[in-house]
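A.B. asks: Everything in the sequence shown is counted per the working numbering, starting at 27 for the first residue and increasing by one. Just so it is clear, CB atoms sit at the ideal spot from N, CA and C, and this is done for glycine as well.
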Amino acid sequence: MPAVSYISILLVDDDKKEYLSTNRLVKRVTEPKCKLEWCSSFEKAKELIAQHSHDLYMIDYKLGEHSGMDLLRMVEPDKRPEPFILLTDVADRTIERQALKLGASDYLVKGAFDAELLSNSFNYSLGRKQAEAQRFEHLIELNQAKDEFISVASHQLRTPATGVKQYIGMLLDGMFGELTPTQEAVLLKAYDSNERQLRIVSDLLKVARVDAGKVILKEAETDMNKLLAEVASEESEIARKRGQKIKLKPASKPATAWVDKDTIRMVFENLIDNASKYSRRDTTIEVVVRVNKKSVVVKVIDQGVGIEEEDLSKLFEKFSRIHNPLSTQAGGSGLGLYWAKKVVDLHNGKIEVESSPGGGTTFLVHLPRLLYK
Ligand SMILES: Nc1ncnc2c1ncn2[C@@H]1O[C@H](COP(=O)(O)OP(=O)(O)O)[C@@H](O)[C@H]1O
Ligand SMILES: [Mg+2]
Numbered sequence: 027m028p029a030v031s032y033i034s035i036l037l038v039d040d041d042k043k044e045y046l047s048t049n050r051l052v053k054r055v056t057e058p059k060c061k062l063e064w065c066s067s068f069e070k071a072k073e074l075i076a077q078h079s080h081d082l083y084m085i086d087y088k089l090g091e092h093s094g095m096d097l098l099r100m101v102e103p104d105k106r107p108e109p110f111i112l113l114t115d116v117a118d119r120t121i122e123r124q125a126l127k128l129g130a131s132d133y134l135v136k137g138a139f140d141a142e143l144l145s146n147s148f149n150y151s152l153g154r155k156q157a158e159a160q161r162f163e164h165l166i167e168l169n170q171a172k173d174e175f176i177s178v179a180s181h182q183l184r185t186p187a188t189g190v191k192q193y194i195g196m197l198l199d200g201m202f203g204e205l206t207p208t209q210e211a212v213l214l215k216a217y218d219s220n221e222r223q224l225r226i227v228s229d230l231l232k233v234a235r236v237d238a239g240k241v242i243l244k245e246a247e248t249d250m251n252k253l254l255a256e257v258a259s260e261e262s263e264i265a266r267k268r269g270q271k272i273k274l275k276p277a278s279k280p281a282t283a284w285v286d287k288d289t290i291r292m293v294f295e296n297l298i299d300n301a302s303k304y305s306r307r308d309t310t311i312e313v314v315v316r317v318n319k320k321s322v323v324v325k326v327i328d329q330g331v332g333i334e335e336e337d338l339s340k341l342f343e344k345f346s347r348i349h350n351p352l353s354t355q356a357g358g359s360g361l362g363l364y365w366a367k368k369v370v371d372l373h374n375g376k377i378e379v380e381s382s383p384g385g386g387t388t389f390l391v392h393l394p395r396l397l398y399k
């Protein structure tokens, strides 16, 4: 409850007589002590509520041409710390259910309540909101503890996994004697699995950092034509192994963006890696750079398995691996796109996707441009 010695209440009702009679009752409520104010206009009430003007709101069902329900729908009481109580002229279960569904804490019938009932309703509504706030606080703490756990666990996992990589590397380099072709093939498989494990651990660490707000961008003028040429050339080796080609179409004019080069590089490594993972052999991945008025737009276009329409909205969620014909074989953490969107957003950029099952996928990344270039 607030530190002031009374609860401030706003009655939203277009009838002054209602205010006067309610106020007489409110004055007799001592537990909690209350102060009632009145607002007769729907628009003004919306404004006051948006400013968290009072500790509790009583809303009349009838508000001129509007209804109290419209107001509840607009202000979304569920998302607000203050309780809302709906007042009606007659007892009506349907209205009551509707009001509670819209997030009202209680429902009172005019003329059917006295000071004691009002006091009960205020206490009940305020108590309910307080309990909700505590639960919410608890959820935030749990979430932070989970993020912290993921971060610590990934740090701990990285060291032994890096050790395995080094030992397998030594065996493959022939440091402990010549290998038979079978031994070498098995070790290469172990090496690949370990690489995948390390990539997942690194994704977890990257996500933990961005979630904790620890990513600090060092933006600078960055030539996106050049950056994408570098990324495309690095990724072309992996693509080649999968029988795929990467084709770069740079912008014809300077494509200077204002970005953190290392972070944005990783975004495109992710997108091109996905494009390749979720495409079959003999396909081409196109990377197109365009310069718009205010942004540099990079498209990563693949001819892969595509994405179902209903899955598009889940793509950028944390741990969202979406099943497709190649996803089991490809492996992954479901964190790449979540992280990519977070850091593109940090740049005030935008990431979009267009796709159809079987028809390939295009990711578009809009990055802020340096306007004087
Ligand atoms: N280019 C693409 N083509 C088809 N599906 C894709 C593509 N990129 C991403 N996806 C889908 O989105 C999901 C999430 O991608 P991402 O966050 O990079 O995680 P991961 O690649 O580790 O699974 C993938 O599991 C995949 O189903
Ligand atoms: Mg990925």
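Among the candidates Thr120, Leu113, Lys267, Ala255, whose CA atom is the shortest distance from the CA of Ala277?
C.D. replies: Translated into positions along the sequence shown, residue 277 becomes position 251. Ranking Thr120, Leu113, Lys267, Ala255 by Cα distance to Ala277 puts Ala255 first.
A.B. asks: For my contact list, Leu98 and Phe110 are in at a C-beta cut-off of 8 Å; report their separation, rounded to the angstrom.
C.D. replies: Here residue 98 refers to the residue found at position 72 of the sequence shown. Here residue 110 refers to the residue found at position 84 of the sequence shown. So it is a contact: roughly 6 Å between Cβ atoms.
A.B. asks: Between Val317, Ile348, Val322, Thr188, which has its C-alpha nearest Gly332's C-alpha?
C.D. replies: To locate residue 332, count along the sequence shown from 1; it is residue 306. It is Ile348.
A.B. asks: Comparing alpha-carbon positions, which option in Lys287, Val317, Val257 lies nearest Glu245?
C.D. replies: Taking the sequence shown and counting its residues from 1, one reaches residue 245 at position 219. If we check each option's Cα against that of Glu245, Lys287 comes out closest.
A.B. asks: Would you check whether ligand 2 has a heavy atom nearer than 7 Å to the C-beta of Asn251?
C.D. replies: To locate residue 251, count along the sequence shown from 1; it is residue 225. Result no, Cβ not under 7 Å from ligand 2.
A.B. asks: Helix, strand or coil, according to DSSP, for Ser321 in the structure here?
C.D. replies: Position 295 of the sequence shown holds residue 321. If DSSP states are grouped into helix, strand and coil, Ser321 belongs with the strands.
A.B. asks: Just to check, is the beta-carbon of Asp328 closer than 7 Å to a non-hydrogen atom of ligand 3?
C.D. replies: Ligand 3 is not part of this structure, which contains only ligand 1 and ligand 2.
A.B. asks: Would the beta-carbon of Asn300 be found less than 7 Å away from any heavy atom of ligand 2?
C.D. replies: The residue labelled residue 300 in the question sits at position 274 within the sequence shown. Indeed, a heavy atom of ligand 2 lies less than 7 Å from the Cβ.
A.B. asks: Note down the Cα distance separating Ser47 from Pro107, rounded to an integer number of angstroms.
C.D. replies: Indexing the sequence shown from 1 puts residue 47 at position 21. Indexing the sequence shown from 1 puts residue 107 at position 81. Rounded to whole angstroms, Ser47 to Pro107 spans 27 Å at the Cα level.
A.B. asks: Measuring only between beta-carbons, confirm whether Arg161 sits less than 8 Å from chain C.
C.D. replies: The structure shown contains no chain C; it is built from a single protein chain.
A.B. asks: Can you say whether Pro28 is buried or exposed, counting buried as having 16 or more other CB atoms within 10 angstroms of its CB?
C.D. replies: For the purposes of this step, residue 28 is taken as residue 2 along the sequence shown, with counting starting at 1. Low per-residue confidence applies at Pro28: pLDDT is 49, beneath 50, and the placement is therefore not dependable enough to give any value.
A.B. asks: If you run the structure through DSSP and keep just helix, strand and coil, what is Met84?
C.D. replies: Residue numbering aside, residue 84 sits at position 58 when the sequence shown is read from its first letter. Correct three-state label for Met84: strand.
A.B. asks: Quick one: using the 10 Å Cβ neighbour count with 16 as the cut-off for buried, is Phe202 buried or exposed?
C.D. replies: The residue you call residue 202 lines up with position 176 of the sequence shown. Exposed.
A.B. asks: Looking only at its own chain, which residues have a Cβ that is under 7 Å from the Cβ of Gly362, when we skip the five neighbours before and after it?
C.D. replies: By one-based count along the sequence shown, residue 362 stands at place 336. Excluding residues within five positions, the ones whose Cβ falls inside 7 Å are Asp229, Asn296, Asn300.
A.B. asks: Is the separation between the beta-carbon of Thr282 and that of Glu335 shorter than 8 Å?
C.D. replies: Residue numbering aside, residue 282 sits at position 256 when the sequence shown is read from its first letter. Residue numbering aside, residue 335 sits at position 309 when the sequence shown is read from its first letter. Contact flag unset, no.
A.B. asks: According to DSSP, is Gly385 helix, strand or coil?
C.D. replies: Residue numbering aside, residue 385 sits at position 359 when the sequence shown is read from its first letter. Coil at Gly385, not helix or strand.
A.B. asks: Determine the DSSP secondary structure at Phe345, reduced to helix, strand or coil.
C.D. replies: As a first step, residue 345 must be located in the sequence shown, where it is residue number 319. Coil.
A.B. asks: Compare the beta carbon distance of Val236 and His373 with 8 Å and say whether it is the shorter of the two.
C.D. replies: Taking the sequence shown and counting its residues from 1, the one referred to as residue 236 is at position 210. Taking the sequence shown and counting its residues from 1, the one referred to as residue 373 is at position 347. Not closer than 8 Å, so no.
A.B. asks: Answer yes or no: the CB of Pro146 versus the heavy atoms of ligand 2, is any distance below 7 Å?
C.D. replies: Here residue 146 corresponds to residue number 120 of the sequence shown, with the count starting at 1. Residue identity check: residue 146 is Asn in the sequence provided, not Pro. Answer for Asn146: no, Cβ out of range of ligand 2.
A.B. asks: Measure the C-alpha to C-alpha separation of Glu312 and Asp249 and round it to an integer number of angstroms.
C.D. replies: As a working mapping, residue 312 is identified with position 286 in the sequence shown. As a working mapping, residue 249 is identified with position 223 in the sequence shown. Roughly 18 Å between the two C-alpha positions.
A.B. asks: Give me the Cα-Cα distance between Lys399 and Pro280, rounded to the nearest whole angstrom.
C.D. replies: Within the sequence shown, the letter at position 373 stands for residue 399. Within the sequence shown, the letter at position 254 stands for residue 280. Residue placement at Lys399 cannot be trusted, given a pLDDT of 45 that sits under 50; what the coordinates show is reported in the next sentence. Taking the straight line from one Cα to the other gives about 8 Å.
A.B. asks: Give the DSSP-derived three-state secondary structure of Ile311 in the structure shown.
C.D. replies: Position 285 of the sequence shown holds residue 311. Of the three classes helix, strand and coil, the one that applies to Ile311 here is strand, per DSSP.
A.B. asks: Pull up the distance between the alpha-carbon of Lys275 and that of Val314, whole angstroms please.
C.D. replies: By 1-based counting over the sequence shown, the position of residue 275 is 249. By 1-based counting over the sequence shown, the position of residue 314 is 288. Looking at the two C-alpha atoms, the distance is approximately 5 Å.
A.B. asks: With a Cβ-Cβ cutoff of 8 Å, do Thr310 and Lys252 count as a contact?
C.D. replies: Indexing the sequence shown from 1 puts residue 310 at position 284. Indexing the sequence shown from 1 puts residue 252 at position 226. Against a cut-off of 8 Å, the Cβ pair of Lys252 and Thr310 comes out as no contact.
A.B. asks: Quick check on the DSSP output: the alpha helix (DSSP H) that includes Ala402 runs from which residue to which?
C.D. replies: No statement about residue 402 is possible, as the shown extent of the chain runs from 27 to 399 and does not include it.
A.B. asks: For Ser305, which of Gln329, Ala238, Arg291, Met292 has the nearest alpha-carbon?
C.D. replies: The residue labelled residue 305 in the question sits at position 279 within the sequence shown. Closest by alpha carbon: Gln329.
A.B. asks: What are the uninterrupted segments assigned as alpha helix (DSSP H) that are 4 or more residues long and contained completely in the region 274-308, given in chain order?
C.D. replies: Segments of the alpha helix (DSSP H) lying fully in the region 274-308: 287-303.
A.B. asks: Tell whether a beta-carbon distance below 8 Å holds between Tyr238 and Asp173.
C.D. replies: In the sequence shown, counting from the first residue as 1, residue 238 sits at position 212. In the sequence shown, counting from the first residue as 1, residue 173 sits at position 147. Here the sequence assigns Ala to residue 238, which means Tyr is not the residue at that position. In contact: Ala238 and Asp173 (Cβ atoms closer than 8 Å).
A.B. asks: Can you tell me whether DSSP reads Lys376 as helix, strand or coil?
C.D. replies: On the sequence shown, position 350 is the one that residue 376 refers to. In the structure shown, Lys376 sits in a strand (DSSP, three-state: E or B).
A.B. asks: Count the C-beta pairs between the region 179-199 and the region 111-122 that are closer than 8 Å, then say yes if the count reaches three, no if not.
C.D. replies: In short, these stretches do not touch, since the Cβ pair count stays below three.
A.B. asks: Between Ile226 and Glu261, how many whole angstroms is the CB-CB distance? I'm expecting something under 8 Å.
C.D. replies: On the sequence shown, position 200 is the one that residue 226 refers to. On the sequence shown, position 235 is the one that residue 261 refers to. Actually they are not in contact, since the Cβ atoms of Ile226 and Glu261 sit about 19 Å apart, beyond 8 Å.
A.B. asks: Would you report the Cα separation of Ser31 and Phe162, rounded to the nearest angstrom?
C.D. replies: Residue mapping note: residue 31 aligns to position 5 of the sequence shown, counting from 1. Residue mapping note: residue 162 aligns to position 136 of the sequence shown, counting from 1. In a straight line, the C-alpha of Ser31 is about 26 Å away from that of Phe162.
A.B. asks: Cutting at 7 Å between CB atoms, please list the residues of its own chain near Leu308, excluding the five before and the five after it.
C.D. replies: Along the sequence shown, one-based indexing puts residue 308 at 282. Rather than Leu, the amino acid found at residue 308 in this sequence is Asp. Hits under 7 Å: Gly269.
A.B. asks: Can you tell me whether Leu113 is buried or exposed, with buried defined as 16 or more other CB within 10 angstroms of its CB?
C.D. replies: Reading the sequence shown from its first residue, position 87 is the one you call residue 113. Answer is buried; the Cβ neighbour count reaches 16.
A.B. asks: I need the straight-line Cα distance from Arg123 to Val135, nearest angstrom please.
C.D. replies: Along the sequence shown, one-based indexing puts residue 123 at 97. Along the sequence shown, one-based indexing puts residue 135 at 109. When rounded, the distance between both Cα atoms is 14 Å.
A.B. asks: Straight-line CA distance for Glu142 to Val55?
C.D. replies: Counting from 1 along the sequence shown, the entry for residue 142 is found at position 116. Counting from 1 along the sequence shown, the entry for residue 55 is found at position 29. Those two C-alpha atoms are separated by around 7 Å.
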